[in-house]
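Data block below; observations after.
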Amino acid sequence: MHKSGGNGGTGGGALDGAVVAVAGAAGPAGRAALLRLAEAGAVVVAADADPARLAEAVDAARYAHGGATVTGDTVDLLDLDATRLWAAKTEKEFGRIDGLVHLVGGWRGSASFAETDLADWEVLEKLLIRTVQHTSLAFHDGLLRSDRGRFLLISAAGASRPTAGNAAYAAAKSAAEAWTLALADAFRKAGGEEGPRAAAAILVIKALVHDALRAERPNAKFAGFTDVTVLAEAIAAVWERPAREVNGKRLWLTPEP
């Protein structure tokens, strides 16, 4: 069994020695999260459906933080059994599981409500809802066993204020939020009178921006967008707060509508 501490992080913080799984780790937000979590001293277990991009993200985090334990698993999060196996393997290998950061994303929209293509719903329901269902069910027990378990969903302000062309996206995000809040209620009930030991929380953004996107669109303002490095910092900061403060909460990184 691997030891989960002493992995080259800054040490001393709430994430030092924690074992954190990151779902959807190969995109820009995932890469930023891997870097920040590794810097904080966590053992980071990354998963994505794209093995090549995942390997690049894992290598970048290892290179940036020499000695950090960052591993990658190609996992089909649309397969509940595969997701459960990933969770079980992670806890068995590292002796604990202290977090699941859910970064699986996707967007589809239309010019108007009447032009909504329900094929978009078929895609988004899988990406934005089904993967949340599977990761939450797979990691629930392990997070309860932890003394600092956190389940973090990254959501969008559009879930609270749907627009005509974003019906499918907003509905999917809203459903994912509801599912996460139900998980939070399970953690609350499991904690009893002492309060929850684990927490499920939602980080809400308008949209994400990163350096490559800025380079592609140098004239764009990206007003209200959250940089992926700011999101990564907010993710790490959730472990610094007591479970009772963040469980069942929407933590806004953009102004509330």
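Take any residue in the sequence shown, count from 1 to its spot, add 139: that is its number in the working numbering.
All C-beta atoms, glycine included, are put in the ideal place defined by N, C-alpha and C.
Here the structure is a predicted model, which is why all the values come from computation and not from measurement.
Between Ala315 and Val367, the CB-CB gap reaches or exceeds 8 Å. Short of 8 Å from the beta carbon of Val369, and not among the five residues preceding or following it, lie these beta carbons of its own chain, in chain order: Leu392. Bounds of any beta strand (DSSP E) do not take in Arg356, whose DSSP letter is neither H nor E. With a contact defined as Cβ atoms closer than 8 Å, Ala323 and Ala339 qualify at about 4 Å.
Distance check between Arg289 and each of Thr274, Arg192, Ala298, Pro301 places Thr274 closest, using alpha-carbon atoms only. In this structure, DSSP gives Gly387 a state outside helix and strand, which the three-state scheme calls coil. Around the beta carbon of Leu257, fewer than 16 other beta carbons sit within 10 angstroms, so the residue counts as exposed. Under the DSSP assignment, Arg201 falls in the alpha helix (DSSP H) whose first and last residues are 190-203.
Taking a C-beta distance under 8 Å as the contact criterion, Val214 and Trp225 qualify as a contact pair. Looking at the backbone, the Cα of Ala177 and that of Arg201 are separated by about 8 Å.
With a 10 Å radius around the Cβ and a threshold of 16 neighbouring Cβ atoms, Asn358 comes out exposed.
Exposure of Ser251 is indicated by the presence of fewer than 16 other C-beta atoms within 10 angstroms of its C-beta.
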